[in-house]
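First comes the structure, then the notes that go with it.
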Amino acid sequence: MSNRIVDMLRPDADGTEAEAPGIRAKRELHAELVASLDLGVIQSLPRRELEAQIRQTLTRMVHGRALPMTREQQADAIEEILDEVLGFGPIQRLLREPGVTDIMVNGPDTIFVERGGKVELANVQFRDAKHLMHVIDRIVGSVGRRIDESSPMVDARLPDGSRFNAIIPPVALDGPMVSIRRFGSSPMRRDDLVALGSVPQQAMDLLEGCVRAKMNMLISGGAGSGKTTLLNVLSSFIPEGERVVTVEDAAELSLQQRHVVRLETRPPNLEGFGQVTARDLLRNALRMRPDRIVIGEIRGDEAIDMLQAMNTGHEGSIGTIHANSPRHALSRLETIIGLTTPNLSSVAIREMIGDTVNLVLQVQRHTDGRRRLVSIIEIKGIENGHLVTSEIFRFHRTSIDASGHVVGVHEFSEMDPRLTARFAEYGVELPTQPARVRLEA
18 MSNRIVDMLR PDADGTEAEA PGIRAKRELH AELVASLDLG VIQSLPRREL EAQIRQTLTR
78 MVHGRALPMT REQQADAIEE ILDEVLGFGP IQRLLREPGV TDIMVNGPDT IFVERGGKVE
138 LANVQFRDAK HLMHVIDRIV GSVGRRIDES SPMVDARLPD GSRFNAIIPP VALDGPMVSI
198 RRFGSSPMRR DDLVALGSVP QQAMDLLEGC VRAKMNMLIS GGAGSGKTTL LNVLSSFIPE
258 GERVVTVEDA AELSLQQRHV VRLETRPPNL EGFGQVTARD LLRNALRMRP DRIVIGEIRG
318 DEAIDMLQAM NTGHEGSIGT IHANSPRHAL SRLETIIGLT TPNLSSVAIR EMIGDTVNLV
378 LQVQRHTDGR RRLVSIIEIK GIENGHLVTS EIFRFHRTSI DASGHVVGVH EFSEMDPRLT
438 ARFAEYGVEL PTQPARVRLE A
């Protein structure tokens, strides 16, 4: 008999007389379910068949007992027990909600979610810290990782592609904490971002032309600002015949082309061996004959390899970086390269950036919850040891309306003649850019 199956089915705590009748009834159902199922058989059943068997058993138990529960409460109890047995406990219900983009567990009885750009308290709870830790162990164990006092932090990917992070005592002073970043089953497309007001149509047309003209781009923004979403949309403009290799820490990208090779980093195993870094993958990607390379996030020694790739036949590559402005993005890129390649001077690094990166796109999450493209910076080169840039697009925030929506205008400037010549070189029509476009709230 599998110990994992037994652990999945065993209640985490005994009922007490102080419990509410509904909670006590669910515990009794859970205990009776363990006693009624043939644990030696169910571990070999496919998930769909196992779920059907457990649901049928639970339904029979509920209807055969005089439980102090309404029909709706009984149905909820069945779903909760199924989530305990086959899923991830209380958060499984949140994982089923398509509108939830982030789940933040600050303790067993404090769970926040983000819906539509707004963070709110969820109406689900764990029973206690032991219950929360039990679910964390189940998630971590399912991906072959471990979490304990000697290794109190872990990153993992859930079966639906969501990014999972957990941290436990002694580093988490108030008990186990969990953060889950979810990604929609159907990726956003250009028309979605335009309809949401995240990117104006004129800027989207410009970016499509830049991708087709194989310009190297850096997408900058803070956490949760929409970098990956914009990267997904931009990647959809890459011509179908080109070979694209993606490098990510956690697979989040949903490229629509057929000729895509997806690579994902790997942490060390339980013995401390087998780690595969982004730099390892990027160097290997260069041997795979890519036309373009897309890197999920530039954060370490892979930065120098990414720039060299952009400058040696892999034009049109795209990467993201955590920064609050284009200037900070370029400064951070310079710092990362300087720390990992100390033999290069600051001027040499800036020359490399100026010769390689064409555009920096800045995204930002505003107070109304909407994520917007707020700036497009063109890098013209280097002068007197410093990067020369110009802003060819920006969102200028003007006010907040009565509903709390941010209101502003989109402003465009002319592109450098060298970049417009590049459009012509690749046979891409340069879209007309109005000087000023008012954004309706």
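For any residue, its number in the numbering used here is found by taking its place in the sequence shown, counting from 1, and adding 17. For glycine and all other residues, C-beta sits at the position ideal for the given N, C-alpha and C.
Straight-line measurement puts the Cα of G398 at about 20 Å from the Cα of R411.
At the C-beta level, R72 and I95 come within 9 Å of one another.
Counting C-beta pairs with one atom in each stretch, the segment 138 to 154 and the segment 211 to 230 have fewer than three that are closer than 8 Å, which means they do not touch. For Q218, the enclosing alpha helix (DSSP H) covers residues Q218 to R229. Per DSSP, R155 is one residue of the alpha helix (DSSP H) stretching across A146 to S159.
Restricting attention to L224, K147, L75 and K135, the CA atom closest to the CA of F429 is found in L224.
Cβ neighbours of I353 within its own chain (closer than 6 Å, five residues either side excluded): A320. Per DSSP, the beta bridge partners of A173 are F181. Annotation for M369: the continuous alpha helix (DSSP H) segment containing it runs S363 to T373. Secondary structure note for Q381: its beta strand (DSSP E) is the uninterrupted segment L376 to R382. Leaving aside the five residues that flank G178 on each side, the residues in its chain whose CB is nearer than 6 Å to its CB run, in chain order, F200. Of the residues assessed, N360 falls on the exposed side of the cut-off, its CB having fewer than 16 other CB atoms within 10 angstroms. Residues of the same chain with a CB within less than 8 Å of the CB of D191, apart from the 5 flanking positions on each side, are N123 and G124 in chain order. Sequence-distant partners of R198 (beyond 5 residues in either direction) whose C-beta falls short of 7 Å from its own C-beta, in its chain, are D119, S179 and R180. Secondary structure at R198: strand, using DSSP grouped into helix, strand and coil.
Residue environment: N401 is assigned as exposed (fewer than 16 neighbouring CB atoms within 10 Å of its CB, all protein chains considered).
Within the DSSP secondary-structure output, V117 pairs in a beta bridge with R132. Residue burial annotation: G313 is buried, with at least 16 other C-beta atoms found within 10 angstroms of its C-beta. Sequence-distant partners of V216 (beyond 5 residues in either direction) whose C-beta falls short of 6 Å from its own C-beta, in its chain, are L210 and L390. In the three-state scheme derived from DSSP, where H, G and I count as helix and E and B as strand, H80 is classed as helix. The beta carbon of R387 sits closer than 8 Å to those of G134, L213, G214, S215, H422 and V423, all from its chain and outside the five residues before and after it, given in chain order. Put simply, the backbone Cα of N341 is about 27 Å away from that of R435. Annotated as distal: V261 and S271, with beta-carbon spacing of 9 Å or more. The three-state secondary structure of L190, taken from DSSP, is coil. Within the same chain, D322 come within 8 Å of R300 by CB-CB distance, once the 5 residues on both sides are set aside.
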